[in-house]
Amino acid sequence: MNERGAAVRHDYETIAKWIAPGTKVLDLGCGDGSLLAYLSRNRAIRGYGVEIDDENILACIKNSVNVIQSDLESGLSVFESDSFDYVILSQTLQAMKNTESIIREMLRVGREGIVTFPNFGYWQNRVQILQGHMPVSSNLPYEWYDSPNIRLCTTRDFENFCAEHGVNILQRIVMNNGKVASFLPNLFGTLAVFRFTKGG
Amino acid sequence: MQDIGIVVPQCASFDSPLTLKSGAVLDAYQLVYETYGELNEAKSNAVLICHALSGNHHVAGFHSEDPKSAGWWNNMVGPGKPIDTGVFFVIGVNNLGGCHGSTGPASIDPKTGRPYGASFPVLTVDDWVESQARLADRLGIGAFAAVVGGSLGGMQALQWAISHPQRVRHVLAIASAPNLTVQNIAFNDVARQAILTDPDFHGGNFYAHGVIPKRGLRLARMLGHITYLSDDSMAKKFGRGLKKGSYNYGYDVEFEIESYLRYQGDKFAAQFDANTYLLMTKALDYFDPAHAHEGDLARAFAGAASEFLVISFTSDWRFSPARSREIVKALLDNELKVSHTEITSSYGHDSFLMVDEHYHAVVRAYMRNVAKGAA
Numbered sequence: 001m002n003e004r005g006a007a008v009r010h011d012y013e014t015i016a017k018w019i020a021p022g023t024k025v026l027d028l029g030c031g032d033g034s035l036l037a038y039l040s041r042n043r044a045i046r047g048y049g050v051e052i053d054d055e056n057i058l059a060c061i062k063n064s065v066n067v068i069q070s071d072l073e074s075g076l077s078v079f080e081s082d083s084f085d086y087v088i089l090s091q092t093l094q095a096m097k098n099t100e101s102i103i104r105e106m107l108r109v110g111r112e113g114i115v116t117f118p119n120f121g122y123w124q125n126r127v128q129i130l131q132g133h134m135p136v137s138s139n140l141p142y143e144w145y146d147s148p149n150i151r152l153c154t155t156r157d158f159e160n161f162c163a164e165h166g167v168n169i170l171q172r173i174v175m176n177n178g179k180v181a182s183f184l185p186n187l188f189g190t191l192a193v194f195r196f197t198k199g200g
Numbered sequence: 201m202q203d204i205g206i207v208v209p210q211c212a213s214f215d216s217p218l219t220l221k222s223g224a225v226l227d228a229y230q231l232v233y234e235t236y237g238e239l240n241e242a243k244s245n246a247v248l249i250c251h252a253l254s255g256n257h258h259v260a261g262f263h264s265e266d267p268k269s270a271g272w273w274n275n276m277v278g279p280g281k282p283i284d285t286g287v288f289f290v291i292g293v294n295n296l297g298g299c300h301g302s303t304g305p306a307s308i309d310p311k312t313g314r315p316y317g318a319s320f321p322v323l324t325v326d327d328w329v330e331s332q333a334r335l336a337d338r339l340g341i342g343a344f345a346a347v348v349g350g351s352l353g354g355m356q357a358l359q360w361a362i363s364h365p366q367r368v369r370h371v372l373a374i375a376s377a378p379n380l381t382v383q384n385i386a387f388n389d390v391a392r393q394a395i396l397t398d399p400d401f402h403g404g405n406f407y408a409h410g411v412i413p414k415r416g417l418r419l420a421r422m423l424g425h426i427t428y429l430s431d432d433s434m435a436k437k438f439g440r441g442l443k444k445g446s447y448n449y450g451y452d453v454e455f456e457i458e459s460y461l462r463y464q465g466d467k468f469a470a471q472f473d474a475n476t477y478l479l480m481t482k483a484l485d486y487f488d489p490a491h492a493h494e495g496d497l498a499r500a501f502a503g504a505a506s507e508f509l510v511i512s513f514t515s516d517w518r519f520s521p522a523r524s525r526e527i528v529k530a531l532l533d534n535e536l537k538v539s540h541t542e543i544t545s546s547y548g549h550d551s552f553l554m555v556d557e558h559y560h561a562v563v564r565a566y567m568r569n570v571a572k573g574a575a
């Protein structure tokens with residue numbers, strides 16, 4: 001479902017900076033649990049992950065990460081409201097069908113939400129579309145016919161979504177190759193990282 | 201992977217009275233148990249395996265050269281197996297009230313010199329945990345690295361975390377539930393009625409009459425057995441296959457499934473005690489840690505301190521994955537460490553006894569972490 005590798009991904013460090021030490025973190029679509037393991041080493045968090053894939057469940061257990069096997073599409077009913085400081089959805093939003101409900105659930109269960117997703121507005125993606133085909137790159141490594149990414153969006157799309165759904169964006173960082181893309185981020189950034197809370 | 205080889209059961213006698221949940225008192229009793237592997241110097245590597253309705257202390261290894269004498273969880277417990285006896289000191293114990301050597305309804309009541317029969321007290325999961333704790337004391341085990349059980353055994357593992365939070369570091373609750381569904385209680389009652397209404401039952405004192413309520417016990421087992429399988433697994437194994445290839449328009453065995461169930465029922469009735477069967481089903485019915493907390497399961501686990509692995513199986517309709525999620529929710533509500541996996545399997549409730557690569561890999565990985573903490 002998502003693209004979690006063994007190496008520390010660029011968004012991990014960015015996310016870690018936003019997580020206060022000793023807090024309680026829920027990672028949705030947690031893959032092999034490497035982000036939670038990273039946060040637990042670097043931020044002393046109490047973490048739980050949600051995953052659907054059998055192999056990832058096994059990997060989480062090997063990594064000593066608490067993991068609950070569940071389908072995010074069916075919600076987070078096993079978690080009480082306001083029971084987490086942060087709920088993270090990392091590189092998974094673009095592969096989910098029920099976008100609105102998962103964002104709603106994240107803000108029910110957690111005080112703050114953090115999402116990361118590949119920025120479809122990145123200039124190389126735009127060029128590939130101008131050349132007449134769907135983008136394939138290291139960030140979007142799939143062909144159109146086998147891609148799990150059914151809800152690709154740009155950073156601007158996500159900002160509009162938040163505005164329309166009463167989601168209050170606290171912080172946004174757009175990255176390219178591990179560096180912050182501050183100039184025209186929707187054009188020059190490959191990876192968007194947002195931190196948000198319930199709108200007032 | 202190897203097997204443990206021949207194992208010999210041991211027996212521990214207790215003469216300090218055990219007051220049961222029902223208020224009844226057992227003045228003295230014995231527990232039959234087996235151990236596999238070596239207890240380390242720090243006594244930190246002990247694992248208790250709790251058995252289900254028809255199980256016993258013989259978890260792993262063999263009682264003789266006969267391969268049929270293998271323990272009921274020999275695929276899970278042994279050298280190099282998911283619960284590795286090269287790493288852990290594993291204990292299997294026959295529950296009090298059982299019929300495989302621990303004091304039970306067929307044992308002689310020292311007060312009368314006759315079998316307890318109907319006078320043997322009804323036991324609960326809590327009572328079993330207390331008796332197991334006394335066995336742990338006897339073996340010098342302060343805290344278990346893990347308490348593991350499937351089905352009714354999982355209920356005991358959960359009760360350990362509630363009753364003795366400091367004495368169990370990890371709980372593995374497999375194909376279990378926080379209480380029985382009403383449907384399950386109903387199944388149990390039909391099974392009990394089959395036994396109780398058998399003319400050979402004699403109100404539970406059939407020992408004196410030199411008979412056993414075979415018909416009742418057989419029916420009880422046949423009913424139970426159906427519920428431990430799934431519709432799919434029965435269809436796959438037996439289909440509508442006919443013993444003789446065509447309909448006979450009578451009441452003898454015709455379908456393969458009839459033959460199988462009757463065989464299983466007969467085999468079970470020849471070796472299991474009817475009073476023990478009644479007692480085990482009641483213990484299942486009564487188990488409900490939330491009952492003392494206005495139905496709030498989270499409050500039942502408020503004092504727990506263990507880490508948990510909860511495992512359920514997709515085709516298990518007697519102890520369904522939804523019931524395991526109730527356990528998981530209560531543990532999450534208490535901010536306890538917990539992982540839950542739902543194994544894709546077609547074998548129904550019996551899945552927990554079967555070899556499944558992913559299931560065993562998960563238990564193996566979890567137990568490796570348990571071992572790290574026990575080293």
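Each protein sequence line maps, in turn, to chains U and G.
In terms of the numbering used here, the first sequence is residues 1 to 200.
In terms of the numbering used here, the second sequence is residues 201 to 575.
C-beta: ideal position from N, C-alpha, C; glycine also.
Exposure label - residue i; buried when at least 16 CB within 10 Å
i        : result
Tyr145/U : exposed
Tyr86/U  : buried
Val207/G : buried
Ile19/U  : buried
Asn2/U   : Confidence at Asn2/U is low in this model, with a pLDDT of 41, below 50, so its placement is unreliable and no value can be given for it.
Ile103/U : buried
Glu494/G : exposed
Tyr463/G : exposed
Ala6/U   : Confidence in Ala6/U is poor, its pLDDT being 36 and thus under 50, which makes the residue's placement unreliable; the coordinate value appears in the next sentence. Ala6/U is exposed by the Cβ-count criterion.
Gly130/U : Note on residue identity: the sequence assigns Leu, not Gly, to residue 130/U. Classification for Leu130/U: exposed.
Cys211/G : exposed
Lys529/G : buried
Gln471/G : exposed
Ala361/G : buried
Val109/U : buried
Ile173/U : buried
Gly503/G : exposed
Leu532/G : buried
Lys281/G : buried
Asp283/G : For clarity, residue 283/G is Ile in the given sequence; the question names Asp instead. Classification for Ile283/G: buried.
Arg4/U   : Because Arg4/U carries a pLDDT of 43, less than 50, the predicted location of this residue cannot be relied on, and no value is offered for it.
Limits of the beta strand (DSSP E) - the one that residue i falls within
i        : result
Pro118/U : 110-118
Val67/U  : 66-69
Ala192/U : 191-198
Asp27/U  : 24-28
Gly573/G : Per DSSP, Gly573/G belongs to no beta strand (DSSP E); it is in the alpha helix (DSSP H), 557-574.
Glu542/G : 538-543
Val50/U  : 46-51
Leu531/G : Per DSSP, Leu531/G belongs to no beta strand (DSSP E); it is in the alpha helix (DSSP H), 521-533.
Range covered by the alpha helix (DSSP H) that runs through residue i
i        : result
Thr427/G : 414-428
Asp213/U : Residue 213/U falls outside the range modelled here, since chain U spans only 1 to 200, and no answer is possible.
Asn405/G : Where Asn405/G is concerned, there is no enclosing alpha helix (DSSP H), given that its DSSP letter is neither H nor E.
Asn149/U : Note, Asn149/U: premise wrong, no alpha helix (DSSP H); not H, not E.
Met90/U  : Met is not the amino acid found at residue 90/U; the sequence shown has Ser there. No alpha helix (DSSP H) contains Ser90/U, which is instead part of the beta strand (DSSP E) from 84-90.
Asn125/U : 123-130
At least 3 beta-carbon pairs within less than 8 angstroms: the stretch 304-318 of chain G vs the stretch 262-271 of chain G: Touching, no, given that fewer than three Cβ pairs across the two stretches are closer than 8 angstroms.
For the stretch 25-38 of chain U, which residues have a CB atom closer than 9 angstroms to at least one CB atom of chain G, in sequence order? Near chain G, meaning a CB-to-CB distance below 9 angstroms, no residue of the stretch 25-38 of chain U qualifies.
Counting pairs of beta carbons, one from the stretch 390-397 of chain G and one from the stretch 441-459 of chain G, are three or more of them closer than 8 angstroms? A contact between stretches requires three or more CB pairs, one per stretch, nearer than 8 angstroms, and the stretch 390-397 of chain G fails this requirement with the stretch 441-459 of chain G.
Let me know the beta strand (DSSP E) ranges lying completely inside the stretch 209-272 of chain G, each 3 residues or longer, listed in chain order. For the stretch 209-272 of chain G, whole beta strand (DSSP E) runs of length 3 or above, ordered along the chain, are 210-214, 229-236, 246-250.
Are the stretch 87-100 of chain U and the stretch 63-70 of chain U touching, with three or more C-beta to C-beta distances below 8 angstroms? Result no; under three Cβ-Cβ pairs closer than 8 angstroms.
Just list the beta strand (DSSP E) runs in the stretch 438-517 of chain G, keeping only unbroken ones of 3 residues or longer that don't cross its boundaries, in chain order. Segments of the beta strand (DSSP E) lying fully in the stretch 438-517 of chain G: 507-513.
Could you name each continuous alpha helix (DSSP H) segment of 4 residues or more that falls completely within the stretch 313-392 of chain G, going from the start of the chain to the end? Entirely contained in the stretch 313-392 of chain G, the alpha helix (DSSP H) runs reaching 4 residues are, in chain order, 325-338, 352-363.
With a floor of 3 residues, list each beta strand (DSSP E) that falls wholly inside the stretch 268-305 of chain G, ordered by position along the chain. Every unbroken stretch of the beta strand (DSSP E) spanning 3 or more residues and falling wholly within the stretch 268-305 of chain G is given here in chain order: 289-293.
Interface residues of the stretch 72-91 of chain U facing chain G [CB-CB below 9 angstroms]: Correct list: Ser77, Val78, Phe79, Glu80, Ser83.
How about the stretch 277-294 of chain G and the stretch 373-388 of chain G: do they share at least three Cβ pairs that are nearer than 8 angstroms? Fewer than three beta-carbon pairs drawn from the stretch 277-294 of chain G and the stretch 373-388 of chain G are found closer than 8 angstroms, and the two stretches are therefore not classed as touching.
Specify whether the stretch 424-438 of chain G and the stretch 540-553 of chain G touch according to this definition: at least 3 beta carbon pairs, one from each stretch, less than 8 angstroms apart. Contact between the stretch 424-438 of chain G and the stretch 540-553 of chain G is present: three or more C-beta pairs spanning the two stretches fall below 8 angstroms.
What are the residues of the stretch 317-344 of chain G that lie near chain U, defined by any Cβ-Cβ distance shorter than 8 angstroms? Look at the stretch 317-344 of chain G: it has no residue with a C-beta under 8 angstroms from a C-beta of chain U.
Just checking, does the stretch 213-225 of chain G make contact with the stretch 186-197 of chain U on the three C-beta pairs under 8 angstroms criterion? Taking one beta carbon from each stretch, the stretch 213-225 of chain G and the stretch 186-197 of chain U have fewer than 3 pairs nearer than 8 angstroms; the two do not touch.
Listed in chain order, which residues of the stretch 538-551 of chain G have Cβ atoms closer than 9 angstroms to some Cβ of chain U? Taking 9 angstroms as the upper bound on Cβ-Cβ separation, chain U lies near residues Val538, Ser539, His540, Thr541, Glu542, Ile543, Thr544 of the stretch 538-551 of chain G.
Near-chain U residues of the stretch 498-530 of chain G - C-beta to any C-beta below 7 angstroms: Listed in sequence order: Arg525, Val528, Lys529.
Taking any Cβ of chain U, which residues in the stretch 209-227 of chain G have a Cβ under 9 angstroms from it, in chain order? Residues: none.
Cβ-based contacts, 8 angstroms cut-off: residues of the stretch 34-64 of chain U near chain G: Residues of the stretch 34-64 of chain U with a Cβ closer than 8 angstroms to any Cβ of chain G, in chain order: Arg46, Tyr48, Asp54, Ile57, Leu58, Cys60, Ile61, Lys62, Ser64.
Measuring CB atoms only, is the stretch 244-259 of chain G touching the stretch 285-292 of chain G, in the sense that at least three cross pairs come out at less than 8 angstroms? Proximity of the stretch 244-259 of chain G to the stretch 285-292 of chain G meets the contact definition, three or more beta-carbon pairs being nearer than 8 angstroms.
With a threshold of 8 angstroms, are at least 3 pairs of Cβ atoms found where one atom belongs to the stretch 481-492 of chain G and the other to the stretch 508-518 of chain G? Flag = no, the stretch 481-492 of chain G and the stretch 508-518 of chain G do not touch.
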